[in-house]
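Quick note: the sequence shown uses full-length UniProt numbering, first residue 1, plus one each step.
Note that beta-carbon positions come from the ideal geometry of N, C-alpha and C, so glycine has one too.
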Amino acid sequence: MVRVLSDVSDEEMEQARREIYDDKIYDDWQYSGPVLPIEQLTRFSDCTMMLEGVINNIIRLRNTLSEGASDKSSSASDNSSSASDKTSSEAENSSLDKETETMLREELSDCLSEARERLSSFLEIQRSDYSREMTQARNRILHKLEQIDDEELQRLRAVLLTEMGFITSSAYRERAAYSFFVEAPNAIKKKQTGTYDYKDQLDAIEQQLHAFPHNLYPTFKADPVDFLRQVFYKRVPRKKMLQLLSGIVLMIMNGRVNDVKQWGKHGDEESLIAMKTVGKKPAIGEHKKELMALVKKAVLKIAVYQKRGYYGVFLSKQAYWYPIFRLMGDWELLPPNSPQSFCTFLEELFEGKKISGPKARLCGRDDLRQAGIAPFSNHEALKWKDLEQEELINTQEAKFNRYCEIVDIFMKILGEEAFKKGIMLDDWLKE
């Protein structure tokens, strides 16, 4: 059975809710940074719209079936005395009604099954969304589900109602904060493909974050977990929340959150460090000096390396130094975006060295810059050989294979040097 609690449309309810809030406070706030694809938030609109759509269909179908049953009952009572006088035409109409009812019941069964699946998905998504619109969506869905007599949907409704009471609890907020401020920036960094990174605008964007209403950015800097509680209670509209979170994630990805004071009321140091080291490789840091010594020996050896079956040195072109340059940048042994630093490193390393036999010519800045094109510039050198075919569309196969081979040979030489010293190189280089 369907219990119709209100004849007010969704649009009228939403308009009434909007009028409760005064969003003029956001009118003067400007944001010039990117709106990042934060997966925890991007599924909201489609998921909510499809769930509410199928719930509306269930209510409509049950109302139609209920009205049809009522009409039949009334008709049967009125015409019981003349049942034997039915015409063949009336019999056909009765048969058509049964067919329609069967079709409606089948459609209702499908909608109920779909609603159970979509509501289960919604329960997962809503746990990380503290926006005003999600709060409103929870209330709308609870109101509509109350009208549907279905055991599984009522069980899931009870779960949603319970979770609404815990959405601002410390445990829920800690999970959501880790999802937003550790998992999301790490996932976005892995998908970056050399597009504009806003590094030259970070100061201006951070000033905009400081200007966000309700003092929310300083609240984040004090405690990211408490920040989500404030977002919820300030009823921040979803569009503005997405911009604010995108700006914060941008700061995290660029290492500008070292001044964040604590993580949650219990001071979770592990989560705090995980956020502050997004995209970094702490394992190398403590061994940087020893690794540099090994790299220098490997560079001297690859400069004279001759592959069996090839004439001359393997690094036969000055641009072939590019994979070595990228490896040293990836390991933070040299500035990753400074070809001149690598050229200076080579000049100083080979200065005064007496090398018998042929040696690779040292590269210049232009050699490295010309070599630094996609996909090589978009990925760490050790991951080049794992790239998908669609990422190599505009790349010469011979060049790609040679660069990957240079990385492999250099890593083999480096590994041999590490083995001589009893060093487990893989432990140093792991993320």
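| Endpoints, alpha helix (DSSP H) assigned at A418 | Mapped onto the sequence shown, residue 418 falls at position 418. Note, A418: alpha helix (DSSP H), 397–420.
| query | Between A115 and I58, is the Cβ-Cβ spacing less than 8 Å? | reply | Looking up residue 115 in the sequence shown gives position 115. Looking up residue 58 in the sequence shown gives position 58. Taking 8 Å as the Cβ cut-off, A115 and I58 qualify as a contacting pair.
| request: Tell me, please, whether the stretch 171–178 touches the stretch 238–249 by the rule of three or more beta-carbon pairs shorter than 8 Å. | output: Contact between the stretch 171–178 and the stretch 238–249 is absent, because fewer than three Cβ pairs lie under 8 Å.
| Under 7 Å from any heavy atom of the ligand ATP, does the C-beta of T48 make it? | With respect to small molecules bound, the structure shown includes none, and the ligand ATP cannot be examined in it.
| Under three-state DSSP, which class holds P375? | Indexing the sequence shown from 1 puts residue 375 at position 375. Correct three-state label for P375: coil.
| query | Touch check for the stretch 139–152 and the stretch 179–191: three-plus C-beta pairs under 8 Å? | reply | Below 8 Å, too few C-beta pairs join the stretch 139–152 and the stretch 179–191 to call them touching: fewer than three.
| Run through DSSP, which three-state label would K353 get? | Taking the first residue of the sequence shown as position 1, residue 353 is located at position 353. Three-state DSSP puts K353 in coil, outside helix and strand.
| Local conformation of P303 per DSSP, three classes | Within the sequence shown, the letter at position 303 stands for residue 303. Before going on, a small fix: residue 303 reads as Ala here, not Pro. Reduced to three states, the DSSP call for A303 is coil.
| said: Would H379 and L392 qualify as a contact pair, given that the criterion is a beta-carbon distance under 8 Å? | reply: On the sequence shown, residue 379 is found 379 positions in, with the first residue counted as 1. On the sequence shown, residue 392 is found 392 positions in, with the first residue counted as 1. Contact check for H379 against L392 fails: the beta carbons are separated by 8 Å or more.
| Using CA coordinates, which residue listed in E133, K296, F325 is at the minimum distance from L368? | By one-based count along the sequence shown, residue 368 stands at place 368. Ranking E133, K296, F325 by CA distance to the CA of L368 puts F325 first.
| request: For M424, count neighbouring C-beta atoms within 10 Å of its own C-beta (all shown protein chains included) and say buried if the count is 16 or more, exposed if not. | output: Mapped onto the sequence shown, residue 424 falls at position 424. Taking all protein chains in view, the Cβ of M424 is surrounded by fewer than 16 other Cβ atoms within 10 Å, so the residue is classified as exposed.
| task | Note down, one range per segment and in chain order, each alpha helix (DSSP H) of at least 4 residues found wholly within the stretch 247–284. | result | The qualifying runs are 269–276.
| Which whole-angstrom value describes the C-beta separation of E347 and A184, a residue pair presumed to lie in contact below a C-beta threshold of 8 Å? | In the sequence shown, the residue the question calls residue 347 occupies position 347. In the sequence shown, the residue the question calls residue 184 occupies position 184. No, E347 and A184 are not in contact; Cβ-Cβ is about 42 Å, not under 8 Å.
| request: Give the DSSP-derived three-state secondary structure of N186 in the structure shown. | output: Taking the first residue of the sequence shown as 1, we reach residue 186 at position 186. DSSP places N186 in helix when its eight states are reduced to three.
| Taking Cβ positions, are A418 and L294 nearer each other than 8 Å? | On the sequence shown, position 418 is the one that residue 418 refers to. On the sequence shown, position 294 is the one that residue 294 refers to. The answer is yes: Cβ separation under 8 Å.
| field | C47, DSSP secondary structure in three states | value | Here residue 47 refers to the residue found at position 47 when the sequence shown is read from its first residue. Note: C47 maps to helix in three-state DSSP.
| request: For my contact list, residue 452 and V278 are in at a C-beta cut-off of 8 Å; report their separation, rounded to the angstrom. | output: For the chain, the structure presents residues 1 to 431; residue 452 sits outside this window and is missing.
| query | Looking at C-alpha atoms only, which residue of H266, K276, L250 is the closest neighbour of N258? | reply | By 1-based counting over the sequence shown, the position of residue 258 is 258. Here the closest residue by C-alpha is K276.
| message | Quick check: the Cα distance between S109 and M103, rounded to an integer number of angstroms? | response | Mapped onto the sequence shown, residue 109 falls at position 109. Mapped onto the sequence shown, residue 103 falls at position 103. Per the coordinates, the alpha-carbon of S109 lies some 10 Å from the alpha-carbon of M103.
| Alpha-carbon spacing of K221 relative to L334, whole angstroms | Within the sequence shown, residue 221 is the residue found at index 221, counting from 1. Within the sequence shown, residue 334 is the residue found at index 334, counting from 1. Their Cα atoms are separated by approximately 30 Å.
| With DSSP run on the structure shown, which of helix, strand or coil describes I141? | Taking the first residue of the sequence shown as position 1, residue 141 is located at position 141. If DSSP states are grouped into helix, strand and coil, I141 belongs with the helices.
| So the alpha helix (DSSP H) S121 belongs to, where does it begin and stop? | The residue labelled residue 121 in the question sits at position 121 within the sequence shown. Where S121 is concerned, the enclosing alpha helix (DSSP H) stretches over 88–126.
| task | Please list, in chain order, all residues of the same chain as K296 whose beta carbon is under 8 Å from its beta carbon, the five residues on each side excluded. | result | Taking the sequence shown and counting its residues from 1, one reaches residue 296 at position 296. So the qualifying residues of the chain are L349.
| request: Can you tell me which of F400, T48, M253, L362 puts its alpha carbon nearest to the alpha carbon of N139? | output: The sequence position of residue 139 within the sequence shown is 139, counting from 1. Among F400, T48, M253, L362, the Cα nearest to that of N139 belongs to T48.
| field | Nonlocal neighbours in the same chain, by C-beta distance under 6 Å from C363, ignoring five residues either side | value | On the sequence shown, position 363 is the one that residue 363 refers to. Closer than 6 Å at the Cβ level, and outside the excluded window around C363, lie Q318, W321.
| Local conformation of S84 per DSSP, three classes | Your numbering for residue 84 matches position 84 in the sequence shown. Note that S84 scores a pLDDT of 47, beneath 50, so its modelled location is shaky; the value from the coordinates is reported in the next line. Reduced to three states, the DSSP call for S84 is helix.
| query | What distance in whole Å lies between the Cβ atoms of L216 and F227, which are believed to be in contact at a cut-off of 8 Å? | reply | Taking the sequence shown and counting its residues from 1, the one referred to as residue 227 is at position 227. Taking the sequence shown and counting its residues from 1, the one referred to as residue 216 is at position 216. The beta-carbon separation of F227 and L216, rounded to 7 Å, stays under the 8 Å limit for a contact.
| With 16 other Cβ atoms within 10 Å as the buried cut-off, status of E133 | For the purposes of this step, residue 133 is taken as residue 133 along the sequence shown, with counting starting at 1. Per the 10 Å Cβ criterion, buried.
| query | Helix or strand or just coil, what does DSSP make of A293? | reply | Numbered from its first residue, the sequence shown carries residue 293 at position 293. Helix, per DSSP.
| task | With a threshold of 16 other CB atoms inside 10 Å of the CB of L414, please say whether the residue is buried or exposed. | result | As a first step, residue 414 is located in the sequence shown; it is residue number 414 there, counting from the start. By the neighbour-count rule (16 or more Cβ atoms within 10 Å), L414 is buried.
| request: Ignore the nearest five residues each way along the sequence and tell me which others in S94's own chain have a CB closer than 7 Å to its CB. | output: Within the sequence shown, numbered from 1, the residue matching residue 94 stands at position 94. Low confidence applies to S94: its pLDDT is 44, below 50, so where it sits in the model is not reliable, and the reading given next is rough at best. Apart from the 5 residues on each side of it in sequence, S94 has no Cβ closer than 7 Å to any other Cβ in its chain.
| field | G364, DSSP secondary structure in three states | value | On the sequence shown, position 364 is the one that residue 364 refers to. G364 carries a coil assignment under DSSP once its states are collapsed to helix, strand and coil.
| message | Classify S131: buried if its beta carbon has 16 or more other beta carbons within 10 angstroms, exposed otherwise. | response | If you number the sequence shown from 1, residue 131 lands on position 131. Classification of S131: buried, given that the 10 Å Cβ count is 16 or more.
| Cβ-based burial, G165 [other Cβ within 10 Å; buried from 16] | On the sequence shown, position 165 is the one that residue 165 refers to. Residue environment for G165: exposed (fewer than 16 other C-beta atoms within 10 angstroms of its C-beta).
| request: Please list the segments of the alpha helix (DSSP H) lying wholly inside the stretch 317–353, counting only runs of 4 or more residues, in order along the chain. | output: Runs of the alpha helix (DSSP H) inside the stretch 317–353: 322–330, 339–350.
| In this structure, does DSSP put H214 in helix, strand or coil? | Translated into the one-based positions of the sequence shown, residue 214 becomes position 214. Helix at H214.
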